[in-house]
Every structure is written in structure tokens, then in C-alpha cells.
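Chains as they are written, first to last, in this note's numbering: chain W, 1 to 134; chain G, 1001 to 1134; chain D, 2001 to 2416; chain F, 3001 to 3416.
For every residue, glycine included, the Cβ atom is placed at its ideal position computed from N, Cα and C.
Here is the structure we will look at, set down as C-alpha cells.
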Amino acid sequence: MILDHYRRPRNKGILDKADASVEMKNPLCGDEITLQVSFEGDSVCDLRFSGRGCSISQASASMMTQLVKGKSTEEIGAIRKQFRELMLGNTAAVDDAHLGSLRAFSGVARFPARVKCALLAWSALESALAERTS
Amino acid sequence: MILDHYRRPRNKGILDKADASVEMKNPLCGDEITLQVSFEGDSVCDLRFSGRGCSISQASASMMTQLVKGKSTEEIGAIRKQFRELMLGNTAAVDDAHLGSLRAFSGVARFPARVKCALLAWSALESALAERTS
Amino acid sequence: MKLRRDSAFRPDLRVRADFPLLVNNPDLHYLDSAATSQKPKVVLDALRDFYETANANPHRGAYSLSVRATEYYHLARVRIAQFLGVRDSDCLIFTRGTTEGVNLVAGSWGEANVLRGDEIVVTAMDHHANFVPWQILAMKKGAKFRICELTPDGRIDLGHFSGLLNDRTKIVAFNHVSNALGTINPIAEIIRLVREKTDAITVCDGAQSAPHFPVSFDSLGVDFYAFSGHKMLGPMGIGGLIGKREMLEEMPPYQTGGDMIEFVYDDRTTWNVLPHKFEAGTPNAANAVGLAAAVEYLDRIGMDRVLSHERALMSAAQKRLAAIEGLRIYGPPASERSGVVSFTMTDVHPHDLATILDGEGVCIRAGHHCAQPLMRRLDVPATARASFYVYNDESDIDALVSGIMKAREIFGYVPA
Amino acid sequence: MKLRRDSAFRPDLRVRADFPLLVNNPDLHYLDSAATSQKPKVVLDALRDFYETANANPHRGAYSLSVRATEYYHLARVRIAQFLGVRDSDCLIFTRGTTEGVNLVAGSWGEANVLRGDEIVVTAMDHHANFVPWQILAMKKGAKFRICELTPDGRIDLGHFSGLLNDRTKIVAFNHVSNALGTINPIAEIIRLVREKTDAITVCDGAQSAPHFPVSFDSLGVDFYAFSGHKMLGPMGIGGLIGKREMLEEMPPYQTGGDMIEFVYDDRTTWNVLPHKFEAGTPNAANAVGLAAAVEYLDRIGMDRVLSHERALMSAAQKRLAAIEGLRIYGPPASERSGVVSFTMTDVHPHDLATILDGEGVCIRAGHHCAQPLMRRLDVPATARASFYVYNDESDIDALVSGIMKAREIFGYVPA
Ligand SMILES: Cc1ncc(COP(=O)(O)O)c(C=O)c1O
Ligand SMILES: Cc1ncc(COP(=O)(O)O)c(C=O)c1O
């Protein structure tokens, strides 16, 4: 599942017109991501990512873009929180259906150095949302 | 022997007319000694010490004053060197008759912290001799 | 810290068997724990276990062994923070010991914030570790270095202290417990005065408090607290500096290098988050794990019991020592001291006393106890010091007293 | 250092049985010794022995136990100095590791001597530990921070280096061996250029040389040499800085506190002699003793044999790795590298590779190796790195290669 998204990333590219654009880097491994988001009301209407990095960071970004498209900031916040729990090793989160394909990352929790890769796209999204409200 | 010199120090006091006067302190334990020396030609003609400290430093000063009085700087240098050897644990030095009563200090070598006490007076004498030649 | 005067305390701990060095030397009376403590077997086992099952460079690897090392190191931090009442464990920076902790604050906060004309206050009872770095900082910055004097019985003179504080005071440094006298300082009162009269930061040297009674950094009220692992049953070369988060975050780094950086460019560098920002280079993870085992051990005993055990020993020792003619004890009454007793004897120099006691298997310390400014004020070149910890019992006091009597005999004490 | 290209070298050491962690994990292929080494049993025993038979605060006691601690600590210094070719062992200062050693020189010599307009030279291959402290010092002092570029195959570009040197150059810092590329730098040539064109001091980061081949400080010609014990079979939290006596004597102290002072007055302090002047606070005597046991162990093997063993492994690894399609090795030819090989693979990110290898029991490092400026020049975000030491053998290379093939399969490498 992770490999599939790594090999054929969804929503990779750039938006013509973005409401927020965030660049983020993981100092540990040099993974980079640029995330562009456009909003409609309170919801994320479209988003794209670009960048380079390991399978975890790229697949996580790819799945995230699929999962959050069309969702409200509140819904996104809830998913992000759950995903973070999953990454911190909270096994209960594995059963949360809202996480969808993200559950494939549960094995990453064992590797703290890789957790940051998995969360990179989400940190970028958080910044993008914050950029918008401010 | 050490205790005897500690209780009844020889040559303790001050000289009326000294050619060299040196004050020295052991930072580790606060032992202090002031040594006054008068010379005659190349030899130490008289010397006195004052100060306070443990039995080792005071007895060492007392014995030193007895031993070096009337000796040439060269002779003194040789004794000092031997005494230092003794303090560094060189057991051969114990048999050196030139050290006289100083051999009583051989047990001190076991205690590096106390070695400095035993050598304090000798360091002061070294300074006094240096003061003179310079 | 209020200490009960309850004479019903008994030195009831019997843990000597946990300490290999003491077991190997059954006739040894180790009364120098204020210098460094002995180590229980559990600490030595924890060290060895780390090296045999988890040794790797923490933070740097993407393989399981390194993950394990990182986790051990992290959990050690959390455990020690808990022991010292620090909820936010990222505010505990591992250092080599108290000395490095104080130097870190002086080199980072002090370098960045102290200006010409500012004032730095220390006390006359402070250990060189919490005295010299401030003196040097003051000289470098053209700040005033002010020393709070003590009462005749070796307590901080709060009147004088209060008088030293003003709106130019930038740093106030003091030990929690004096290693030379055993005085336990009234931290709450000190903090109240500092807050009332200054905007200064407070730096507490906890080298002698963390090992001996319950300490909660979060309720202590100081801005920084430094401690040494080797004095609290832990290995050498590990200790900590605890700071308030807002302080640590605004401070520049101290040492720089690997692990403490975020991005290194040719022309600038950005810093990692707490606690890493202050931990440059490969951390001493093994010894952190060893120290965690030490606090675990102390917690299992209970710090209240550690305290009452030492107080019981102290009051017994005080009685026996005070009864020796020609023996003078320094510092406040035993009931207000930590497990340290500093004394001199007529006609027997402290160094001679220590040497004779050593012949009897009794280890005490003789010297200036890294507190030369205090010694000068007491007007003695040195004192003898006995200090107690969990593994001591009445037999150590017996040996101490009979050794002192022997020394007195050798040096032919003649009543004045 | 000239290294023979002799292909007859064989990895003939068989010492894995001496390393408890490796014995406990028979299927583990530890290829991250450049980050930290595993520890032989003799080192763990020496640590434990210190705590069980000699533990006391060195320098401070007048009793036998403390004398023993002081002696152990002193002998450790002498032993390690001998190992590194330092005749004057007082010029070996114990530090936490390389990072602290470099920070010490920057904080003491640098603070005291670098002025606005001066220049500091480092190389683009330096570890953050020997890069950031100089960058920060330069920024603080208004000095110019100059970075020597590398040749395409990862060596110091001596032409560029020479061009950077002039009479304003105050400090030249460089690693002996690059931890990221394995490059062994031509120290004699570097020193010659520095002496010819500047009065600068030279600071050599020996973190990756001390563990891997014979080093003699006295004949190296550098002014300072820093190293880490944990990378050379010793415990964590101990290492050293060696300096020329005349330098160390004129330098102000770095950290201040107990043990490093001579007299402390209210208004000034005088310093102890070397090496104590630079060792503030209770020393990490136990770990110094552990490191002495490590160098003893290395000497018993013989550093020449350590070198030839690693070279043999390296040449075997080089051959096997170079044969893998899509795998790119960085740095100079294997015959001119220390036991480190850094590489990337088409289509497999280094982190993914490390994770897959971990599943096969192979520990390699993936990342920037604390050398971000170098990574930027190589134009990669990260590399994978395998590094060898005495306990490695051909089976580790087999496991590395087959793990790489597996990763390639998983990530579906398609020849371009
Ligand atoms: C070349 C080099 N320099 C410096 C260091 C830093 O050493 P330490 O982390 O032990 O201080 C390392 C290792 O991390 C290194 O490989
Ligand atoms: C009160 C006090 N402060 C500071 C120190 C210094 O601690 P360390 O030598 O572990 O850095 C000590 C002990 O030596 C101490 O007793």
C-alpha cells in the first residue's frame, strides 16, 4: 500500500491557484515537501504536493491529499490527531476507520526517526491551515 | 619522628636579616609556610620558617631546615631531588643516607594529597634559591 | 524545607548489602558521600545491560538497535525528571554534572543577558562550581560580583542578602544545601526576596539536595536547578540542568555540534528543539540509564526515609562529636543540617586526622571542600568533614569517634 | 597517511566473541561503528571494577580509597596518552567527546584570540562538531568563516585550501578522516601549507582516526587533536582533547569550578596546572578507566592489524557494492578511504534502504551524517553509510549486499 503510493503518488504536482503554500523539510533525513492548498469556505477544496524523500514521506503525503480533499478543517484536525496517535504507538488508533489507508503506517511507529517522515506532510498541512486563519 | 618535629619544630621563627624570603601555600589543604634564608657564599648559612599546617608540612619544614643548614646549593639540590624521588614512591631513595631524618616520610608517598604537604617547604626553598640567583 | 526535630528517628535503613564496593570492603566506613556516593548493584547492572543489549548512537539510526538506545535514553530522562518533580521532561538537559550545569547557564544565559553595570549575587557558602563561573562572568562583562555573607552559625544572612538585591541584579545563585556545612537554605524565602526586589534569574545548585531529600523543581520556584548523578548513587559523568521552558527556549545554545542543530548552512545554523538544543554531540546515554536506575532505587527506598535515616545518623553523630573536648563543629544546629558535619580539633590538623582515620578504615574528607571563600570566613585553612548516606549506620559513627580519640592520643591533646 | 593497495590483505581478526552485545545478537550485522562502536567485555569489566573497588572522588580525599581512584584516573590518562603518541600526558584533557574538545578550543583559545577581520578556515567535509562551533565563533567575533571546497571525489581541494590561507587566518580546522565519506586527509601536507602561509592554530578532529589506525599526536604536527572514546571501543561520555603544552598553558580555562582552581578569592581566582585547569568538576574517572581498557585492548590487537583488517573488508565491500547496478559510491577510491562507504541507490531512498536492511539484521546509517554542508555539495539529501570495525567480517558484507538486493526488489528497480 505504502509502496503503491510511493510509486504512483496521487495529487502530485502544482495548483494553478493556491490559497496557501507551505514548504517543509525534515532536518534528519532531508525529506522535503511543498504543499499547496485551495479552500472553499471552511473546507479544503483541492491540494497538491511536490518534493522528494523516502517512501514513507512521499506515500504519506499522497494518501493525505486523497483523504482530506473536501473535508472541513475540523474533520481534518480530528484525522491528524488520530494519525499522530497512531504514529506515537497508540495501537487503539489502528481501529479508527477515519484513518482509512493511513492505517498502513502503523508499523512505522516502531521507528521514531521515520515517524517524522510520515508526519511531514501533515505538519505542512497544519501550517497551511494556520496560514489561512491568520 | 614526624610527630616530634611537629610538636617541637626546629628553626621556627624569623631571621633578623634574611637574603631571601618566600611565602608558599598549598591550595589543597591551606598549609602555609614562610621561609627566610640567609646565605654565605654559595651556602645556606641560616634559615627559619613560620606558618601553619598539618604535621607533615610542619615537620618536613623543620627537618629540612636542620638538614640544609651550612650546605651548598648544589648539595641542597641533590637532597631535594632525592626527597622528591622518595615522595614519588621511588623506594630506592629510602636507602639514601643523605636524606637523614627525611626518610621518615617514606610512608607519605602513598598519599598523593599529602605529598604536596611534605614538599611545600622544599618548594619554598627552591624559590628562595632561585630568588637569590636571579 | 522544614525538618522535624523528632528524636525518635532511627537510622533504620539496612542496605549496605546492595553496594558491591562496601560488601567487598566490610571494614570500610565510607563517610565521604558528599564528595561522591557509592553505587548499588542495580546501577552497575543497568549500565552493563545498556551496553550489552541496547548500545548504539541515539537519535541517529534508522535501525532497531538505535531505536532501542534512543528509547532507553528518553525513558531515563522521563524517569529522572519525574524523580525531581519536573513535569515537562524536555526541560531536563543532561550534563556531566552540577559544574557543567552552572557553566551552561553562565555561558548561555549569562553571556547573552548580563551587561556592564549589572549585578550578580552569590553566597559566601557556595561551592566553587557555583561561585567561580559567576565571578568570571562578572569580570568579563563588567558586572558587579556580590557575595552574600553568612550568620555566625553558617546560614545565609537574609538581611544582608535582601540588601544586596536591587533592580540591577540579573542573576542570583545559591546552593540548596551547603556541601561544606550541611546548611539547608530557605529557598522559598530566598525566591520571595528575589522576586520582590529584582527581575533576576535564580540558579540553584542542587548537588547536595537532590541526593538527600525529596525535591520538586516545579514547586521550588527557581529558574534553574543543577545536580550531579554521581552524588546520588548514579554513575560518574552524568547529571542535569533543569530550567524553565520559557528560559531554555529563548537562550542561545551552549556547546554546538551534532544533534543540537536543525539545519546547518554555510553561513548560519538553526537549532533543534529542547532538550537537544543543549546537548551537543553523542549523549552519554548509558550513564543516563544508570542514573535512572539510581533514582529508581532511591524511590524504592523513598526519599522521606532517606531523609529520616540521615537525620537520625546526624543527630547521633552530633551528640557523640560534641562530647569530644577540643572538637568544634561548624554550621547550624544538627536539626537544621543535611547529613554533613564539618569540624576541627584543637592540636590535630584536619589532614592528619583524615590520615589517621584512614588507617582505621574511616573515610572522611579534609580540606577546603571547594569552598575557599567560606573557609576564609570561618578563618580556618581546612575542616574535617563526615557525610552520611543510605548505606551508613551507627557502626560508622562508632568508628569515626574512636578514630578521632586515637588521633587525639597520638597528637597528645592537652586540655587547655 | 599512505595506505597500501595490497589486495592480499585479509580480514583476519576474529574477535566478535569479545563483544557481549554481538554475542547476544548472533544474527546482528553491526555496520554503524562510525556512529558508535560496540564495547568488548574487558571494557565493561574495567568500568565495573572501578566502581566496585576504587570508587571515590579523585583529587579530593586523604584516604586510601580516594588515592586509588586518583591513581586509576591518572594511569588511565597516561595509558591513553601513550596510545595516541603523547609523551606529555598532562596535555591530554579528558572531555565528554570530540564535540566538547572542539568547543573547548573555540571557547577558550578562540574567545581569547580571534578578532574582527580574522579568518577561520574549515572544510566542506567537516562534521557539524568541527564546523558549527567555528561558524558561531566567527559570527560572534566578526571574523570571516571560510569553507574549503572538495574535489569531485570528496577530497580536500588543496589548491582551494591554499588559496584560503593568509596572514589573517587564525584557526584552521579539519577532520583527520571524514565520517561521511571515509576520506583520509593528508595532514602533513595541510600542516605544511598552514605553517607556510599563516600563524594559525590547527585543530584536528580525530573522531574517525583514533579508532582506526595508529596516531601519534607528537608527530602529527597539529596544535589540537580531539577524539571520542565511544567510537574506539570505550564507554560513552568520555573522550579527549590533546593540545600542545605551550598553547594549553597560555589559554584561559573553559568551564570553571572545583578541581581546576588554585586559589579562589572574593574578587579573583587563580588556576590549577595542566591538565586540571581544563577539567572543572568531578571527573568521569570511571569512564576514563574504561577507555584505558579499550586502548589496551586495541593495542593488544595492534593498530596496524586493525587497519589492515578494515582495509581488507573495505576492498571486499567496495567490489561487491560497485557491482550493484544503480548503486553510487561517494568519496575517493576504496584504497584511500578509511573503513567507511557512503552510497545511494537509484529508486531506493537511503532511509527506506536502512529500514529494509534493519529487517535483515543489518545496521547501517542513513541520513546526513552530521555533515549537511557536505550533503548539499553532493546534492543529495542523504546517503546510506556502512562502516566497519574490528568485529566485522565477510558475513556482514554478505548480509549487506543481499539486503540491498532485497530492497531493490521491493522497490522494483528498473534499469534505465
Ligand atoms: C568526524 C567526526 N567528528 C566529530 C564527531 C562527534 O563526536 P561526538 O559526538 O562523540 O562528540 C563525530 C561523530 O559523531 C565524527 O564522526
Ligand atoms: C554543593 C556542590 N555544588 C557543586 C558541586 C560540583 O559537582 P560536580 O563536581 O559533580 O560537578 C559539588 C560537589 O563537588 C557540591 O557539593
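CA-to-CA distance, residue j to residue i, given in whole angstroms
i: D:Thr2198; j: D:Ala2312; result: 39 Å
i: F:Gly3229; j: F:Val3043; result: 11 Å
i: F:Arg3087; j: F:Arg3245; result: 11 Å
i: G:Gly1053; j: D:Ala2076; result: 46 Å
i: D:Asp2006; j: D:Thr2036; result: A caution first: D:Asp2006 carries a pLDDT of 48, below 50, which makes its placement in the model unreliable, though a value can still be read off. Spanning the two alpha carbons is a distance of roughly 28 Å.
i: D:Leu2165; j: D:Gly2107; result: 22 Å
i: D:Met2001; j: D:Ala2188; result: Confidence is the limiting factor: at D:Met2001 the pLDDT is only 46, short of 50, which leaves the residue's position unreliable and the question unanswerable from this model.
i: D:Pro2252; j: W:Glu126; result: 27 Å
i: D:Leu2003; j: F:Thr3269; result: Bear in mind that the predicted position of D:Leu2003 carries a pLDDT of just 47, short of 50, making it unreliable; the figure below should be weighed with that in mind. Cα to Cα, D:Leu2003 sits roughly 36 Å from F:Thr3269.
i: F:Val3380; j: W:Val68; result: 31 Å
i: D:Ala2081; j: F:Met3260; result: 30 Å
i: D:Val2340; j: D:Tyr2391; result: 14 Å
i: F:Gln3318; j: F:Val3078; result: 38 Å
Any non-hydrogen atom of ligand 2 closer than 7 Å to residue i Cβ
i: D:Gln2038; result: no
i: D:Asn2179; result: yes
i: D:Gly2107; result: no
i: F:Gly3258; result: yes
i: D:Gln2208; result: yes
i: D:Asn2287; result: no
Chain G contact for residue i (CB, 8 Å cutoff)
i: F:Ala3062; result: yes
i: D:Thr2036; result: no
i: D:Ala2371; result: no
i: F:Glu3249; result: no
i: D:Asp2352; result: yes
Proximity test, residue i beta-carbon vs ligand 1 heavy atom, cut-off 7 Å
i: F:Thr3383; result: no
i: F:Asp3205; result: yes
i: F:Ala3034; result: yes
i: F:Ala3129; result: yes
i: F:Ser3228; result: yes
Interface flag, residue i vs chain F, CB-CB below 8 Å
i: G:Pro1009; result: no
Closer than 9 Å at the beta carbon, the chain F residues around residue i
i: G:Arg1084; result: Those do not exist, as G:Arg1084 stays about 16 Å from chain F at its closest Cβ, beyond 9 Å.
i: D:Tyr2051; result: Pro3020, Leu3021, Gln3038, Lys3039, Val3043, Leu3044, Leu3047, Pro3235 and Met3236
Closer than 8 Å to chain W by CB, residue i
i: F:Pro3211; result: no
i: D:Thr2070; result: yes
i: F:His3029; result: no
Proximal chain G residues relative to residue i, where beta-carbon distance stays under 8 Å
i: D:Ala2382; result: Cys1029 and Gly1030
i: D:Thr2346; result: In chain order: nothing, as chain G lies at least about 13 Å away.
i: D:Asp2126; result: Correct list: empty, because the minimum Cβ distance to chain G is about 18 Å.
Under 8 Å by beta carbon: chain D residues contacting residue i
i: W:Ala110; result: Per the sequence shown, residue 110 of chain W should be read as Arg rather than Ala. Within 8 Å Cβ-Cβ: Ser2064 and Val2067.
Nearest to residue i (by Cα), restricted to the options the options
i: F:Gly3154; options: F:Ala3180, F:Glu3100, F:Phe3145 and F:Arg3168; result: F:Ala3180
i: F:Ala3054; options: F:Asn3175, F:Arg3096 and F:His3074; result: F:His3074
i: D:Asn2057; options: F:Gly3237, F:Tyr3297 and F:Glu3325; result: F:Gly3237
i: W:Ala109; options: W:Ala121, W:His98 and W:Ala93; result: W:Ala93
i: F:Gln3372; options: D:Val2264, D:Ile2301 and D:Gly2359; result: D:Val2264
i: G:Gly1051; options: G:Ile1076, G:Met1024, G:Ala1018 and G:Asp1016; result: G:Met1024
i: G:Gly1013; options: G:Pro1027, G:Asp1046 and G:Met1001; result: G:Asp1046
Cross-chain neighbours of residue i in chain F, by beta carbon under 7 Å
i: D:Gln2255; result: Thr3099, Glu3100 and Asn3103
Chain-ordered chain G contacts of residue i [CB-CB under 9 Å]
i: D:His2160; result: Those do not exist, as D:His2160 stays about 25 Å from chain G at its closest Cβ, beyond 9 Å.
i: D:Met2236; result: Going along chain G, no residue has its Cβ under 9 Å from D:Met2236, so there is no contact; the nearest lies around 19 Å.
Within chain W, the residues that residue i reaches when beta carbons sit closer than 8 Å
i: D:Phe2094; result: What D:Phe2094 touches in chain W: nothing, since even the nearest Cβ is about 18 Å away.
Proximal chain D residues relative to residue i, where beta-carbon distance stays under 7 Å
i: W:Ala118; result: Neighbours of W:Ala118 on chain D: none; closest Cβ ~13 Å, over 7 Å.
Residue-level contact to chain D via CB, residue i, 8 Å cutoff
i: W:Ala113; result: yes
i: G:Gly1053; result: yes
i: F:Arg3005; result: A caution first: F:Arg3005 carries a pLDDT of 46, below 50, which makes its placement in the model too unreliable to give a value.
i: F:Asn3287; result: yes
i: F:Ser3228; result: yes
Cβ-heavy atom distance, residue i to ligand 3, below 7 Å
i: G:Glu1126; result: No copy of ligand 3 occurs in the structure displayed; its ligands are ligand 1 and ligand 2 alone.
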